[in-house]
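Take a look at the structure set out below.
2 protein chains.
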Amino acid sequence: MSDTAQGDGTVGKALDVLDQVAGFGRPVRFSELLDASPYPKATLYRLLQTLTKQGMVSFDPDRSAYSLGVRLVRLAHRAWRQSSLAPLARPQVDALSRTLGETVHLAQMDNAQVLYVDKRNAAKPIEMYSQAGKVGPAYCTGVGKAMLAWMPAEEQERIISQQSFHGFTPTTLTTAEDLRAELAECVRRGFAFDNEEHEPGIICIAFPILSGAGRVMGGLSITSTTTRHSLQSLQTMVPTIRTAVDRIAEDVENWRFPDEIKERA
Amino acid sequence: MSDTAQGDGTVGKALDVLDQVAGFGRPVRFSELLDASPYPKATLYRLLQTLTKQGMVSFDPDRSAYSLGVRLVRLAHRAWRQSSLAPLARPQVDALSRTLGETVHLAQMDNAQVLYVDKRNAAKPIEMYSQAGKVGPAYCTGVGKAMLAWMPAEEQERIISQQSFHGFTPTTLTTAEDLRAELAECVRRGFAFDNEEHEPGIICIAFPILSGAGRVMGGLSITSTTTRHSLQSLQTMVPTIRTAVDRIAEDVENWRFPDEIKERA
DNA sequence: ACTACTAGTTCCAAATAATGAAACTTAGTT
DNA sequence: AACTAAGTTTCATTATTTGGAACTAGTAGT
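Now the structure itself:
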């Protein structure tokens, strides 16, 4: 299920193991990892040793169990601030959620999945770490389809080939052909919908965030429920959203290399 | 400055490079990395290729610059939820900040530094992603000293030997001997102070969070300013804080292996 | 106390992957 | 066109990783 495209020598294997530890979602014993691992005992053992020495996983001697290490949290702090769209898009995301009063998602592609890098819920203040970082399928979410639709054909196909096409709801697109047709429609329309394709009662309207060169940087969606809105009524928000998305794209484009980012403990 | 104890073969080097990319705090060119790297051009190049293919760094072809990748954010999300104290301690941290009306820091050791994994400011609602993940020195912060003081001598010395002992303020402890004396005092007293040792006007009182077996799991501090409090007056909070810290330790101890952690997109 | 088992750790010769100097390819200048 | 700097590939050499098996420590059964 969680098979990353390993194969980059030792580093790939180590990261593979790291993902495995992450996958358990709890401290995990050596033997549990071994059972689920393609690597022989000695190899897995040393990979874990290395990762532990590097602080990427931590070993709890009391319980003799491995879990993800704190170095990851530190790295992610930087990652979030620097590489992702989130800090740049934040003002616009804030503004949108306030203006529209609906949930805003900001996402980027992570391999063949959608990774949510920010989420704003108008109603209650959000808790970042517990919301951002989640992943979702690309073929049945608004942001997923928005990003896919504007990708180069080659990459699009690569990702489509990795989708599970599980039928979450009656409206979920369950074949590559259906998805391709829908993506073409999205491009024609200028944005994507999620017509309860992932969860019943949940609909959304989503836009790609494109660089000046036309590359897909991420996606932004406004999510609502069928009780409050229809796909039709969501469309009234299009001008507002488009303005925000364009603004984000512009900010990303202009960011380049700022003089410095202060970093103090 | 940011030299991790590399030396674990290829994986260590790759993670070293990852740290370097993180260190720049912005998208960075190959040649910039090369200048700051101990590795030869071809080696660095391939390490970056591998990391990129693995999603740990992302390469922006428009600007030909590397930045931290989204896979890191995903991993960190899990790391924070699973391995760190933060989610377990959260209720107590919340309660403390509400009750005392002061800033609460929750930290763990990351190698020889203090890593803040949660921060609650009574005044303004939290900004998790931008606050947690920060690092600070161990020798001149309350949480740092609290954690150091209760560590086994051997590990304590290892960490002490890695401190910079930079004199931030007039009260900063600038020698290993002074620090050792202070740590002994902390153990006698049962908690640690920060007497404006890191920033002028900022004081705090800090406790270690210990496992049943006596291992240091983390540290918790209440931070205030000299205008509002003295070290003396902070001590009135000791019973409240100790109760909370004991409760956190208990929660950690009881956690072990919960049935399941739900994870849904 | 003895034996059998399981979990975790270490060994070492063989297999594999990483290395880095240098050559090469682009992209950008004068 | 000639020059330069930045990035990429090659390939023989070198160093690390590999994994079967042997070993150790801890636990349970008789």
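Each protein sequence line maps, in turn, to chains A and B.
Residue numbers for the first sequence follow full-length UniProt numbering, beginning at 1 and rising by one.
Residue numbers for the second sequence follow full-length UniProt numbering, beginning at 1 and rising by one.
We put the beta carbon where it would ideally sit given N, CA and C, even for glycine.
Range of the contiguous beta strand (DSSP E) that encloses residue i
i: V21 (chain B); result: Segment G9 to F24 is the alpha helix (DSSP H) holding V21 (chain B); no beta strand (DSSP E) there.
i: A184 (chain B); result: It is not in any beta strand (DSSP E) - A184 (chain B) instead sits in the alpha helix (DSSP H) that spans A176 to R189.
i: G219 (chain A); result: V216 to T225
i: residue 346 (chain B); result: Only positions 1 to 265 of chain B appear in this structure, which leaves residue 346 (chain B) out of reach.
i: L210 (chain A); result: I202 to L210
i: R228 (chain A); result: It is not in any beta strand (DSSP E) - R228 (chain A) carries neither H nor E in the DSSP assignment.
i: K119 (chain B); result: Q113 to R120
i: A213 (chain B); result: Element bounds for A213 (chain B): n/a, residue is neither H nor E.
i: F193 (chain B); result: A192 to N195
7 Å Cβ cut-off: residues of chain B touching residue i
i: residue 269 (chain A); result: Residue 269 (chain A) falls outside the range modelled here, since chain A spans only 1 to 265, and no answer is possible.
i: M237 (chain A); result: In chain order: nothing, as chain B lies at least about 23 Å away.
i: A22 (chain A); result: L75 and R78
Interface residues of chain A facing residue i [CB-CB closer than 9 Å]
i: S37 (chain B); result: Result: empty, since nearest Cβ-Cβ is about 16 Å, beyond 9 Å.
i: R215 (chain B); result: D60, P61 and D62
Residue i, enclosing alpha helix (DSSP H) - first and last residue
i: V93 (chain B); result: A86 to L100
i: S233 (chain A); result: L231 to L234
Chain-ordered chain B contacts of residue i [CB-CB under 8 Å]
i: D246 (chain A); result: The contacting residues do not exist; D246 (chain A) stays about 17 Å from chain B at best.
i: V11 (chain A); result: T10, V11, A14, L47, T50, L51 and Q54
Beta-carbon gap between residue i and residue j smaller than 8 Å
i: F165 (chain B); j: T175 (chain B); result: yes
i: F207 (chain B); j: I159 (chain B); result: no
i: L231 (chain B); j: I203 (chain B); result: yes
i: Q113 (chain B); j: G133 (chain B); result: no
i: L106 (chain A); j: L220 (chain A); result: yes
i: A149 (chain A); j: V117 (chain A); result: no
i: H198 (chain B); j: C140 (chain B); result: yes
i: V73 (chain A); j: L15 (chain B); result: no
i: V11 (chain A); j: V11 (chain B); result: yes
i: R29 (chain A); j: S64 (chain A); result: yes
i: V17 (chain A); j: L34 (chain A); result: no
i: G9 (chain A); j: T50 (chain B); result: yes
i: L47 (chain A); j: L75 (chain B); result: no
i: A89 (chain A); j: I205 (chain A); result: no
i: G142 (chain A); j: D194 (chain A); result: yes
i: T227 (chain A); j: E196 (chain A); result: no
i: I145 (chain B); j: A192 (chain B); result: First, the residue type needs correcting, since residue 145 (chain B) is Lys and not Ile in the sequence shown. Their beta carbons are under 8 Å apart, which means K145 (chain B) touches A192 (chain B) by this criterion.
i: N121 (chain B); j: T99 (chain B); result: no
i: S31 (chain B); j: Q20 (chain B); result: no
i: V252 (chain A); j: L85 (chain A); result: yes
i: Q108 (chain A); j: G218 (chain A); result: yes
i: R78 (chain A); j: A79 (chain B); result: no
Under 8 Å by beta carbon: chain A residues contacting residue i
i: M147 (chain B); result: Neighbours of M147 (chain B) on chain A: none; closest Cβ ~12 Å, over 8 Å.
i: G142 (chain B); result: Per Cβ cutoff of 8 Å: no residues; G142 (chain B) is ~13 Å from chain A at best.
7 Å Cβ cut-off: residues of chain A touching residue i
i: residue 349 (chain B); result: An answer regarding residue 349 (chain B) cannot be provided, because it is not within the stretch 1 to 265 covered by chain B.
i: A138 (chain B); result: Within chain A, no residue comes near A138 (chain B); the closest Cβ sits about 11 Å away, beyond 7 Å.
Residues that residue i contacts on chain B, provided the C-beta gap is smaller than 9 Å
i: L18 (chain A); result: L75
i: S164 (chain A); result: Those within 9 Å of S164 (chain A) in chain B number zero; the least Cβ separation is about 12 Å.
Near the ligand NAP: residue i beta-carbon under 7 Å from a heavy atom
i: E182 (chain B); result: Among the components of this structure there are no ligands whatsoever, and the ligand NAP is therefore not found.
**Residues, ordered as in the chain, of the stretch 199-213 of chain B that lie near chain A by beta-carbon distance below 9 Å** = When C-beta distances to chain A are compared with 9 Å, the residues of the stretch 199-213 of chain B below that value are S211, G212 and A213, in chain order.
**Message:** At 3 residues or longer, what runs of the beta strand (DSSP E) sit wholly inside the stretch 23-83 of chain A?
**Reply:** Correct list: 57-60 and 65-68.
**Request:** Could I get the ranges of all uninterrupted alpha helix (DSSP H) runs contained in the stretch 128-157 of chain B, with 4 residues as the minimum, in chain order?
**Result:** With a minimum length of 4 residues, the continuous alpha helix (DSSP H) runs that stay inside the stretch 128-157 of chain B are 128-131 and 142-149.
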